[in-house]
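Following: one structure in structure tokens, then a few remarks.
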Amino acid sequence: MRVIDNHEAIGTKGGVHLSEASARDFFELLKPRVMSLVVFTGLAGMVLAPGHIHPFIGFIAILCIAVGAGASGALNMWYDADIDAVMTRTANRPIPAGKILPQEALAFGLILSAFSVCILGLVVNWLSAGLLAFTIFFYAVIYTMWLKRSTPQNIVIGGAAGAFPPMIGWACVTNGVAVESIVLFLITFLWTPAHFWALALFKMREYGAVGVPMLPNVSGEATTKNQIVIYAVLTAIIGVVPTALGFSSTVYGVIAAALGLGFIWYSLGVHRMPEGDEKMVPAKKLFAFSILYLFAIFSALMIDHLIATLWLTSGKVV
Numbered sequence: 002m003r004v005i006d007n008h009e010a011i012g013t014k015g016g017v018h019l020s021e022a023s024a025r026d027f028f029e030l031l032k033p034r035v036m037s038l039v040v041f042t043g044l045a046g047m048v049l050a051p052g053h054i055h056p057f058i059g060f061i062a063i064l065c066i067a068v069g070a071g072a073s074g075a076l077n078m079w080y081d082a083d084i085d086a087v088m089t090r091t092a093n094r095p096i097p098a099g100k101i102l103p104q105e106a107l108a109f110g111l112i113l114s115a116f117s118v119c120i121l122g123l124v125v126n127w128l129s130a131g132l133l134a135f136t137i138f139f140y141a142v143i144y145t146m147w148l149k150r151s152t153p154q155n156i157v158i159g160g161a162a163g164a165f166p167p168m169i170g171w172a173c174v175t176n177g178v179a180v181e182s183i184v185l186f187l188i189t190f191l192w193t194p195a196h197f198w199a200l201a202l203f204k205m206r207e208y209g210a211v212g213v214p215m216l217p218n219v220s221g222e223a224t225t226k227n228q229i230v231i232y233a234v235l236t237a238i239i240g241v242v243p244t245a246l247g248f249s250s251t252v253y254g255v256i257a258a259a260l261g262l263g264f265i266w267y268s269l270g271v272h273r274m275p276e277g278d279e280k281m282v283p284a285k286k287l288f289a290f291s292i293l294y295l296f297a298i299f300s301a302l303m304i305d306h307l308i309a310t311l312w313l314t315s316g317k318v319v
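Using the numbering used here, read the sequence shown as starting at 2 and increasing by one per residue.
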């Protein structure tokens, strides 16, 4: 475990201790990889929503969703700095690496949270701003401060935070919530457990070392593998629901079904993996494929919608 020395990378100005963090260090606090997924699914919600939004307003909306997601990441890193310092996956994050002070990360996260919610409400609408505020609260407080360290179902319940962006994007355009936006929410919500438990399997010892009750540590590998398959099947089913409900085409449905079968295939590979396997290759493959799956499914939804819109505006019958 790396102990953060308060004198490392910290200067004094006017009697106040300040870190000498770079803009890049603060950018890393935003969890840019997670942010990219949030922005992408939020954009999908905006594209798929009925109606129109001015491109500039749409840009502001996406920017606010991105900043709100980054604020959640900064608050998460502030609270989890103690366990981040122990896990190899997170030990080089700005706070455990001694680049940014915890109180700076907290202030940064709170300021960005308030900024993103207020601007979204003032420029777009207050429903989308309220959903963004609830998302930040859910991730930073409900998941990070409560669920993560208290229950092996942390990912199942906490996954809601990462599933709200398409609903926020939809609300930015329509100022409402619809069945379609709930389906978009469910796609990410049901996808999250299999995605994250695959990671938890090959990082099981590290989670055990910091006392985070991830499912593999609490219930064992066998139970985790069973749950991964169940959620993979549920994800595959919800992936084709847009076609069943009539807001995407049969072509999309075929693509979604193929992606869903791939998800199930990789989950079955994890299920067949010998218990205690040190290499965890099937789990790593599922983790990688799950990221591809989510980007592909939302890409297919947007492309399908844009093609249908072009056909309609050109006077053709879909």
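Just so you know, even glycine gets a beta-carbon here, dropped at the ideal spot from N, CA and C. Remember, it's a predicted structure, so these values are computed and weren't measured experimentally.
With DSSP collapsed to three states, give me the class of residue 167.
helix
Would you tell me roughly how many angstroms separate the C-alpha atoms of residue 97 and residue 231, rounded to the nearest one?
36 Å
Outcome for residue 266 when other beta-carbon atoms lying within 10 angstroms are tallied against a minimum of 16
exposed
I need the straight-line Cα distance from residue 57 to residue 112, nearest angstrom please.
23 Å
Have a look at residue 33 and residue 137 and give me their C-alpha separation to the nearest angstrom.
16 Å
With H, G and I counted as helix, E and B as strand and the rest as coil, what does DSSP make of residue 248?
coil
CA nearest to the CA of residue 36, picked from 27, 69, 23:
69
Using the three-state DSSP reduction, which class does residue 318 fall into: helix, strand or coil?
The pLDDT assigned to residue 318 is 47, lower than 50, so where the model puts this residue is not dependable; a value taken from the coordinates is nonetheless given after this. Correct three-state label for residue 318: coil.
Taking the straight line between their C-alpha atoms, what separation do you get for residue 170 and residue 161?
15 Å
Own chain residues within Cβ distance below 7 Å of residue 233, not counting five before or after:
195, 264, 265, 268
Buried/exposed call for residue 221, threshold 16 Cβ in 10 Å
exposed
Under the rule that 16 or more other beta-carbon atoms within 10 Å means buried, what is residue 125, buried or exposed?
buried
In whole angstroms, what is the alpha-carbon distance linking residue 158 and residue 147?
11 Å
Per-residue DSSP class, three states only, for residue 111
helix
Beta-carbon gap between residue 281 and residue 203 smaller than 8 Å:
yes
So what does DSSP say about residue 94, is it helix, strand or coil?
coil
Have a look at 259, 38, 27, 128 and flag the residue whose alpha-carbon is nearest the alpha-carbon of residue 95.
27
Exposed or buried, residue 246, counting other C-beta atoms within 10 Å across all chains shown (16 or more means buried)?
exposed
Quick one, which of 151, 315, 198, 181 has its alpha-carbon nearest residue 223's?
198
Straight-line Cα distance separating residue 23 from residue 254
46 Å
Alpha carbon to alpha carbon, what distance is there between residue 40 and residue 66?
7 Å
Whole-angstrom distance between residue 261 and residue 187, CA atom to CA atom:
14 Å
In chain order, what are the residue ranges of uninterrupted alpha helix (DSSP H) at least 4 long that sit wholly in the region 212-247?
216-220, 222-245
Mind reading off the beta-carbon distance from residue 145 to residue 81? Whole number of angstroms is fine, and I expect it under 8 Å.
6 Å
Alpha-carbon to alpha-carbon, residue 239 and residue 184:
7 Å
Output yes or no for whether 8 Å exceeds the beta carbon distance between residue 134 and residue 106.
no
If distances are taken between C-alpha atoms only, which option among 83, 140, 115, 168 comes closest to residue 128?
168
Kindly indicate which three-state DSSP category residue 155 falls into: helix, strand or coil?
helix
With a threshold of 6 Å on Cβ separation, who are the neighbours of residue 250 within its own chain once the five nearest residues in sequence on each side are excluded?
305
For residue 9, count neighbouring C-beta atoms within 10 Å of its own C-beta (all shown protein chains included) and say buried if the count is 16 or more, exposed if not.
The pLDDT assigned to residue 9 is 43, lower than 50, so where the model puts this residue is not dependable; a value taken from the coordinates is nonetheless given after this. With fewer than 16 Cβ atoms within 10 Å of its Cβ, residue 9 is classed as exposed.
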